[in-house]
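Step one of this worksheet: look at the structure below.
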Amino acid sequence: MILDTARQLVSAVARGVASMATSGTTGAVTCALASLLVLPCSARADLVLRAKNPTALTRFYREVVGLELRAEDSTLTAFDLGSETLVVLGGGQTDAQSNLRLLVRTHDLDSARATLLRADVSVDEARDPEGRLIALLFDDPEGNPVGILRQDAPPTWALDVASGHDVLSSLDASSGRTVHSGKTEFAIWSGLHGVGLGFAVPYSLGSDSPTAIGLTMMASGPAAAVAAYQYGKRTALTRGTARALEFGGDFAMWQAFGWAGVGDLESEDVLLSGTGGLLTGVAAAALLTRGREVSPGQAGLFFSAANWGAWFGLVGARIADANRYVDGDETLGAMLVTSAVGATAGGLTALRVDMPESRLAWINLGGILGTAFGFGLDLVLQVDDDAAVWAIPGATGVGALAFTTWFTGRNEPAPNSGQLLGAEGPESFAFLAPSITPSRTGWRAEFLRARF
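Counting from 16, one number per residue, gives the positions in the sequence shown under our numbering.
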């Protein structure tokens, strides 16, 4: 979780205390108590909210936002935010002139959004340049602005959200691209494949006229690019969804080409099968991603798993060939099967893990380097056993993939926790102004708070 800093809150708290002091004798007593409780909290960079209906506001933050209760009595409620505290007091409404926003980090924005919608909370969404959802923006029942932010969102985005800036505009300005930028990438991919379809379709249907094939190639590329761009514009296609459509089409196309080759079909039938596979793959991916948030990392995980599956199918076939003859069709069939298995495993994993593109790139690089290391060992050790020649790089490739997956994931953010605005990572360390706050069993004095 990220909270507004103490410097930003001191003025708001001071105004709140001053306004309580204007309400007579009761206000003076309340002001004195609030000075003991509120000001130390502000010095610790904790957030204090005054509510007209503290019971309803407390229920909202506990049941809807999901904050954990730290302490509660008849005068205040304190929520545990890891290294900070959210204090809810009665006695009026918090001054919102500062236009600051309470931010909460989470690993699961989809679940948070579903909870908010079930509670009939009006939610705005902010997305990064790749189209991924990074924040849910809404107001609590007292009108205080709140945001639930993706756990791995950079601090600069958190500053934009917390300070009330237009997140979409600031992200667009910083990246030079619109948020829903997938339509251009999908249009380029479709235009290139359209040229291929311009040749494949008339040829596979038996046309032997160079003029007809040439005209079809000339028209199909631009037509496919324009149609894809308009589709992306109409559907607000994100980059992640665009890549899911592209990868789905490519995967299905090569599966169709491969099995047509295994079946020894005529060249026209092979091209027709590939064309059908391409269109079917795109259509299937469009149906599967409809209404879903797909990141480029999730789409890339599916395609990378398919490619690695095909590679290890080749390795397995070459190892088997050392013991008995494995012809080309058997090798290709093994690659197609293991590629499909890899794609299925990658797709199922992507449903549970939103892996950043950068991490996926490192994992793929690790696998490639590990495989190259294995072939290098073959040369250094002068391996002459046919099975070992392939088994060694296969094993080093698997080991490298496993190692880089672990290594790049070891610094994944910790579970939802409180953080100061702009702080990076789950670690925090701060000396606190001496303060005393109520707890379930009595009172608590804090001087130092750290999290590692």
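Just so you know, even glycine gets a beta-carbon here, dropped at the ideal spot from N, CA and C.
- In the three-state reduction of the DSSP assignment, P160 falls in the strand class.
- Partner residues in a beta bridge of L380, as assigned by DSSP, do not exist.
- Between V161 and L117, the CB-CB gap stays under 7 Å.
- Per DSSP, A71 has no beta bridge partner at all.
- Closest by C-alpha distance to V356, out of L148, I378, F327 and G382, is F327.
- V103 carries a strand assignment under DSSP once its states are collapsed to helix, strand and coil.
- DSSP, reduced to helix, strand and coil, places V119 within a strand of the structure shown.
- Runs of the beta strand (DSSP E) lying entirely within the region 191–242 and spanning at least 3 residues: none are present.
- By the Cβ criterion, the region 224–241 is in contact with the region 198–208, since at least three pairs of Cβ atoms, one from each stretch, lie closer than 8 Å.
- Cβ atoms of G247 and A299 stay farther apart than 8 Å, at about 18 Å.
- The three-state secondary structure of D95, taken from DSSP, is strand.
- Excluding five sequence positions before and after A93, the CB atoms of its chain that fall closer than 6 Å to its own CB belong to R85, A86, T100 and V102, given in chain order.
- Each residue's CA atom was taken as its position, placing A271 and W323 some 18 Å apart.
- Assignment of L252 by DSSP, reduced to helix, strand and coil, places it in the coil class.
- Membership of D336 in the alpha helix (DSSP H) is indicated by the continuous run P311 to D336.
- In the displayed model, A86 falls within a strand according to three-state DSSP.
- The beta carbons of V79 and T130 sit about 6 Å from each other, so the pair counts as a contact at 8 Å.
- Close CB contacts of D369 within its chain, under the 7 Å cut and outside five residues either way in sequence, are with S310, G312 and Q313 (chain order).
- Spanning the alpha carbons of A335 and A403 requires a straight line of approximately 11 Å.
- Secondary-structure assignment with DSSP links E281 through no beta bridge to anything.
- In this structure, DSSP gives R339 a state outside helix and strand, which the three-state scheme calls coil.
- Under the DSSP assignment, R65 falls in the beta strand (DSSP E) whose first and last residues are L62 to A66.
- Annotation for A141: no alpha helix (DSSP H) segment contains it, though the beta strand (DSSP E) segment containing it runs D139 to R142.
- In the structure shown, the three-state DSSP call for R307 is coil.
- 7 Å or more divides the Cβ of A267 from the Cβ of T304.
- For F153, the beta-bridge partners assigned by DSSP are V161.
- Under the criterion of beta carbons closer than 8 Å, T420 and I378 qualify as touching, at roughly 5 Å.
- Under DSSP, L366 forms no beta bridge with any residue.
- Around the beta-carbon of L363, fewer than 16 other beta-carbon atoms lie within 10 Å, marking it exposed.
- Taking each of R258, T290, D125 and V341 in turn and checking the Cα distance to A202, the smallest one comes out for R258.
- Closest by C-alpha distance to L380, out of R339, D139, L366 and T423, is T423.
- For the pair V277 and G348, the CB atoms are nearer than the 7 Å cut-off.
- Non-local C-beta neighbours of N68 in its own chain, meaning closer than 8 Å and more than five positions away in sequence, comprise P156 and E157, ordered along the chain.
- A check of alpha carbon separations from R142 across A134, L124 and L62 identifies L124 as the nearest.
- CA-to-CA, the gap between R65 and T121 works out to about 25 Å.
- Ranked by how close their Cα comes to the Cα of G292, the residues A234, D279, A242 and A215 have A215 in first place.
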